[in-house]
Amino acid sequence: MDAVNLLGFDLPGLAAYCEQLGEKKFRATQLFRWIHQKGASDFEQMSDLAKSLREKLAGRAVIRALDVISEHVSADGTIKWLFDVGAGNAVEAVFIPEDDRGTLCVSSQAGCAVGCRFCSTGHQ
């Protein structure tokens, strides 16, 4: 059985997953805080979770960000990343720096229909 990546869940999804594991819904809030507020990626770090739950999660779940296929930094400071989303698909994100702010464009699907010139996601 493939491990479930907990980064793929919002809070209600995490609550449903905890229930599938036979855990109380409030565990989802604890997990969410550890993952998204404290940046934990190892279940052993989650000291307020029962050891039995940490062991259960370690055997069935992971906390893993997308793999970066490539990163390109332009002379103007623009950074373009290509991320592997599995099954042979990739999405792109581009950070465009400006004087007083920055813009981050994130493709939310492989094969985006917007077709920005600088983005390869729309050309899949």
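So the sequence shown is residues 27 to 150, counted in our numbering.
Yeah, the Cβ is synthetic: ideal placement off N, Cα and C, and Gly gets one too.
- Rounded to the nearest angstrom, the gap between the Cα atoms of residue 47 and residue 143 is 45 Å.
- Contact annotation: the region 66 to 74 does not touch the region 95 to 102, with fewer than three C-beta pairs closer than 8 Å.
- Taking 9 Å as the cut-off, the Cβ atoms of residue 32 and residue 83 count as close.
- DSSP places residue 128 in the strand class (E or B) of the three-state scheme.
- Fully enclosed alpha helix (DSSP H) runs of no fewer than 4 residues occupy 52 to 58 and 77 to 86 of the region 50 to 126, in order along the chain.
- Rounded to whole angstroms, the separation of the alpha carbons of residue 49 and residue 106 is 40 Å.
- Here residue 30 is bridged, per DSSP, to 87.
- In the three-state scheme derived from DSSP, where H, G and I count as helix and E and B as strand, residue 135 is classed as coil.
- The distance from the Cβ of residue 104 to that of residue 89 is about 29 Å, inconsistent with a contact at the 8 Å cut-off.
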